[in-house]
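**Q** One point on numbering: in full-length UniProt numbering, the residue at position 79 of the sequence shown is 79, and numbering is uninterrupted. Just dropping this structure here.
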Amino acid sequence: GFMVGFSGVICAKVMVTLQAAGASQAVAISSGIIAALLLGLLPGLVNGLLVAKLRVPPFIATFGMLGIAYGFAEIICNNVPIMGLPTSVGSIGHGYLVYWLPGKVFAFLQKPENLTRLELQNLVSIIPNVTVITAIVIGIF
1 GFMVGFSGVI CAKVMVTLQA AGASQAVAIS SGIIAALLLG LLPGLVNGLL
51 VAKLRVPPFI ATFGMLGIAY GFAEIICNNV PIMGLPTSVG SIGHGYLVYW
101 LPGKVFAFLQ KPENLTRLEL QNLVSIIPNV TVITAIVIGI F
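Spelled out as structure tokens, the structure:
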């Protein structure tokens with residue numbers, strides 16, 4: 001959870017800074033996401049090196065990184081909420097797989113109209129059981 005917060009602060013700060021500099025919303029949003037992903041890798045890499053090379057216990061390394069990431073997040077946002085995000089950010093996560101295809105997220109789960117029940121059963125039988133179980137578990141949660 002602490003890395004999600006740290007990455008979120010990085011993402012928001014990059015978006016606000018680029019939008020204030022005159023960049024388009026698409027550039028600001030995509031740059032913010034890329035920066036958050038790249039900087040989010042850094043603590044994981046440091047934790048991995050601490051555990052693998054320096055033999056630091058994983059719990060200690062992770063707990064220490066929690067404090068470091070939390071501290072950096074507080075410093076970056078000056079302990080106040082980041083305001084002025086691009087307006088299109090509000091559309092992310094509201095049922096859009098791709099921004100310009102609203103409502104098509106689960107279209108691949110619908111039964112094809114031109115297949116009979118027997119044809120569909122034959123197609124489904126070639127899917128491995130692990131894949132089916134994984135899809136069911138993901139659908140439940």
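For glycine and all other residues, C-beta sits at the position ideal for the given N, C-alpha and C.
#1: Taking DSSP as the reference, what is the three-state secondary structure of S88?
#2: Would F72 and F2 be called neighbours here (beta carbons separated by less than 8 angstroms)?
#3: According to DSSP, is V80 part of a helix, a strand, or is it coil?
#4: Do you know how far the Cα of L115 is from the Cα of L41?
#5: Where does N129 sit, in a helix, a strand or coil, going by DSSP?
#6: Just how far apart, CA to CA, sit S30 and L18?
#7: What first and last residue would you give for the alpha helix (DSSP H) that runs through S7?
#8: Taking G8 as the reference, which of M83, V46, Q121, V56 has the closest Cα?
**A** Looking at the coordinates:
#1: helix
#2: no
#3: coil
#4: 45 angstroms
#5: helix
#6: 11 angstroms
#7: 2-20
#8: M83
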